[in-house]
Each structure stands twice: as structure tokens, then as C-alpha cells.
Amino acid sequence: MNKDIRYLYLHSVEHSGSTLIACILGAHPEISTVGEFSIDFPKKGLCACGKKYDHCKFWENWSRKTREHGLDFNIGNLGINLQPEHNKDKLEDLFYYNFPIKKIDMAVNFFFRSSRYNKVVQKKLSRYLALSRILCEIEDTGIFLDTSKNPYQIKFLAQQPDVNLRVISLIRNGRAVMNSLVEREKYSPEQAVAVWKWGNRNIEIIKKNFLKEDNFLQIRLEDLCDNPEKYKKVLFEFCGVTDYSIIDYANFPHRHIVGNSMRHKFDGTIKKHDDSWKRKLSKSHLKLFNSECGKLNESYGYR
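3 is the number of the first residue of the sequence shown in our numbering; add one for each residue after it.
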């Protein structure tokens with residue numbers, strides 16, 4: 003496992019198109035991915051290839067190879083998600099918090115360097131890197147894509163000296179996200195606004211404090227949906243792949259993505275962006291969003 007792996011990490015807020023990105027980039031033969039790599043999922047469900055996870059040769063092979071390297075492998079619970087584990091643990095919250103000022107962030111990291119929180123993170127990071135490298139070794143690829151959308155993971159990966167990390171920040175109009183979360187996930191309007199604000203606030207801080215400009219790509223879902231060929235080119239070139247002219251997006255037996263239902267049916271067709279929020283969000287919803295997130299949304303080019 004000495005091959006130099008390039009890590010691509012996708013950050014976005016819920017309901018912003020991360021599974022679409024996983025399906026697009028994951029279809030390229032030089033890129034290995036299972037989509038939401040770090041997120042737990044029901045083992046008894048169906049893999050994107052159509053088979054049950056515990057009957058899928060892809061997962062069986064990855065599990066076997068991992069055990070050959072002396073690591074355990076539990077499908078659906080890989081034990082690599084980085085996030086606070088204990089409710090009402092203020093020290094743990096402080097350890098994970100992304101401070102806008104880098105010097106403060108680094109001082110907090112130094113303070114916690116010998117803490118149990120940092121030991122947990124380093125153990126999970128080591129496992130994360132080992133599992134991803136094993137998969138790239140199996141598939142003979144040099145690029146690994148994770149669409150788990152976890153800003154904490156980006157922060158800690160970015161501080162690993164031996165990790166070649168590039169980050170894609172997928173932005174969606176916050177009002178569209180608010181509408182989707184309220185309608186489909188039954189979030190309260192306040193919860194939906196808070197989720198969008200939290201996710202984008204964190205990636206902006208991490209970008210400023212830990213990422214080089216050349217290793218960061220921001221792309222809007224609406225631009226990808228309305229001009230897919232142009233922005234697929236942008237995505238693939240950022241990934242650093244050599245050829246993306248002919249890709250079979252309907253090769254379902256070779257798709258093993260964890261994510262929403264799109265993973266079972268994406269055939270390369272990308273629909274125009276959905277702007278139903280314009281007729282569905284009430285005036286009070288829009289007032290709430292604009293008061294909390296209006297300026298941030300405008301900074302992404304939304305009016």
C-alpha cells in the first residue's frame with residue numbers, strides 16, 4: 003500500500019446533490035468511491051449494484067482484503083466517522099469546534115494533543131486511510147472520493163502531512179435546501195436554516211485555515227444541473243484524471259455507492275435545477291432565511 007493516493011473529499015449540506023457527484027465521479031475508472039464512506043448504513047439494505055450488501059462481491063472482497071491486513075471490517079459500520087460522541091461534553095465540543103481564527107484553532111489542537119479525544123480521532127484517521135488505500139489497491143486506482151459531507155473530517159485530514167487532499171465544496175441555494183429539508187425531512191424552518199448555515203460556515207472556516215487555494219473547488223449544484231458538460235469537465239479536471247470523454251454512467255453492476263436513492267437509477271441524465279422553493283416557501287420562511295443566511299447565500303451568487 004505504498005501507492006500515493008489522492009484524496010477527494012466532497013463537502014455539502016444535506017439535500018445538495020452529493021450522491022449525484024458520487025455517481026458522476028465514481029463512474030470514472032481511475033476513481034474509487036463508495037460515496038458516503040464514513041456514514042453508517044443498514045447492512046441488510048441493497049447496494050447500488052442491486053445486490054444485498056452481504057451478498058455483494060465488491061464488499062466481500064474489500065472485507066477479505068482488509069482482514070488480510072489485520073483490520074476488522076463491518077459492512078455498514080466501518081468505525082471511521084469523526085464527530086463528537088458524547089452529549090453535553092463541553093470539552094469534546096471545544097476540541098471539535100472550528101474557530102474562525104487559525105491561531106486559536108491551532109492552540110486548541112495543541113492543548114488537546116494528548117487527550118482521549120485526539121487519540122480517538124487519530125485512531126479513526128489511521129483506519130480511514132488504511133481502508134481507502136486497500137480499496138484503491140484492489141481497484142488499481144490512485145484517487146479516492148469520499149462524499150460523507152463531514153467538515154470535521156476535512157479539518158483533521160487536512161492536517162495530516164502525508165495526505166494529498168483536495169476538497170470539493172458543493173453549494174446549493176440555501177432557500178432550495180431549506181424547502182427540501184422542511185418538505186422531505188420534516189425539519190422545522192429554524193432547523194433547516196441552522197443546518198445550511200452550520201455546514202457552509204464550517205467549510206468556509208476550514209477553507210481559510212487549512213486548505214490551499216489550488217486544492218479547493220467550489221461548485222454550485224444549479225450550474226452543474228443547467229450546464230452539465232461544462233461542469234463535469236471542471237470536476238474531472240480538478241480530480242486530475244487523464245480522460246473523461248467516454249464514461250458509462252449506466253454500469254450499475256460496478257456501482258457501489260452509499261447515499262440516497264439516486265445511486266440505484268442514475269444513468270448519466272442530469273435534470274435542470276429545481277426552483278420549486280419559489281412557490282413553496284412562505285413569506286415567513288423567506289424572512290427567516292434572509293435574516294439568518296441572506297448575506298451568506300448572496301456571497302455564493304444567489305439573488
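Backbone N, C-alpha and C define an ideal beta-carbon position, used for all residues, glycine too.
Can you give me the Cβ contacts of residue 302 inside the same chain, cut-off strictly under 6 Å, excluding the 5 residues immediately before and after it? Cβ neighbours of residue 302 beyond the five flanking positions: 173.
Is residue 258 near residue 51, with beta carbons less than 7 Å apart? Pairing residue 258 with residue 51 gives a Cβ-Cβ distance under 7 Å.
Contact check, residue 291 vs residue 177, beta carbons under 7 Å: Yes, they are a contact pair.
Bridge partners of residue 167, per DSSP? Paired residues: 9.
Proximity below 7 Å, CB of residue 34 to CB of residue 141: Yes. Within cutoff.
Pick from 229, 232, 236, 29: whose alpha carbon is nearest that of residue 251? For the residues 229, 232, 236, 29, the minimum Cα distance to residue 251 belongs to 29.
Sequence-distant residues of the same chain with beta carbon closer than 6 Å to residue 204, five excluded per side: Result list for residue 204: 100, 153, in chain order.
For residue 220, report the span of its alpha helix (DSSP H) as first-last. Membership of residue 220 in any alpha helix (DSSP H) is not indicated; the residue belongs instead to the beta strand (DSSP E) covering 218 to 222.
My assumption, with CB atoms under 8 Å, is that residue 165 sits in contact with residue 156. Please give the rounded CB distance. About 11 Å; that fails the 8 Å criterion.
Please determine, among 159, 27, 84, the residue with the shortest C-alpha to C-alpha distance to residue 248. From the listed residues 159, 27, 84, the smallest Cα separation to residue 248 is found for 27.
Those runs of the alpha helix (DSSP H) which lie wholly inside the region 107 to 135 and span at least 4 residues: For the region 107 to 135, not one full-length alpha helix (DSSP H) segment reaches 4 residues or more.
If residue 8 and residue 145 are in contact, beta carbons under 8 Å, what's the gap, nearest whole angstrom? Sure, about 5 Å apart at Cβ, within 8 Å.
Which of helix, strand or coil DSSP assigns to residue 148: Look at residue 148 here: in three-state DSSP terms it is strand.
Taking C-alpha atoms, which residue in 222, 278, 282, 296 lies nearest to residue 22? With distances taken between CA atoms, residue 22 lies nearest to 222 out of 222, 278, 282, 296.
When the Cβ atoms of the region 207 to 220 are set against those of the region 115 to 122, are three or more pairs found closer than 8 Å? With a cut-off of 8 Å, the region 115 to 122 and the region 207 to 220 do not count as touching, because too few Cβ pairs lie within range.
With a threshold of 6 Å, establish whether the CB of residue 57 neighbours any heavy atom of the ligand GDP. With respect to small molecules bound, the structure shown includes none, and the ligand GDP cannot be examined in it.
Please name the residue, chosen from 198, 192, 269, that lies closest to residue 14 on a Cα-to-Cα basis. Out of 198, 192, 269, 198 has the C-alpha closest to the C-alpha of residue 14.
Is any beta-carbon of chain D found at less than 7 Å from that of residue 63? Protein chains in the displayed structure number just one, and chain D is not present.
So, using beta-carbon positions, are residue 17 and residue 171 closer together than 7 Å? For residue 17 and residue 171, no; Cβs fall outside 7 Å.
In this structure, how does DSSP classify residue 2 when only helix, strand and coil are distinguished? Past the edges of the chain, shown from 3 to 305, lies residue 2, and the structure says nothing about it.
Excluding the 5 residues preceding and the 5 following residue 4 in the sequence, name in chain order all residues of the same chain whose CB lies nearer than 6 Å to its CB. Confidence is the limiting factor: at residue 4 the pLDDT is only 44, short of 50, which leaves the residue's position unreliable, though a coordinate-based value still follows. Within its own chain, no residue has a Cβ closer than 6 Å to the Cβ of residue 4 once the five positions on either side in sequence are excluded.
How many whole angstroms separate the CB atoms of residue 40 and residue 150, which I take to be in contact at a CB cut-off of 8 Å? That pair is a contact at about 4 Å.
What residue does the beta strand (DSSP E) around residue 1 start on, and which one ends it? A question about residue 1 goes unanswered here, because the residues of the chain that appear run from 3 up to 305.
Contact defined as beta carbons within less than 8 Å: I believe residue 126 pairs with residue 84. What is the distance between those atoms, to the nearest angstrom? About 6 Å separates the CB atoms of residue 126 and residue 84; that is less than 8 Å, so the two are in contact.
Can the beta-carbon of residue 82 be found closer than 7 Å to that of residue 55? Against a cut-off of 7 Å, the Cβ pair of residue 55 and residue 82 comes out as no contact.
Straight-line Cα distance separating residue 232 from residue 225: Taking the straight line from one Cα to the other gives about 9 Å.
Would you tell me roughly how many angstroms separate the C-alpha atoms of residue 89 and residue 95, rounded to the nearest one? Here the alpha carbon of residue 89 sits roughly 9 Å from the alpha carbon of residue 95.
The alpha helix (DSSP H) spanning residue 233 covers which residue range? Residue 233: member of the alpha helix (DSSP H) spanning 230 to 241, first to last residue.
At 4 residues or longer, and completely inside the region 54 to 83: list those alpha helix (DSSP H) runs for me, N to C. Within the region 54 to 83, the complete alpha helix (DSSP H) runs of at least 4 residues fall at 59 to 70.
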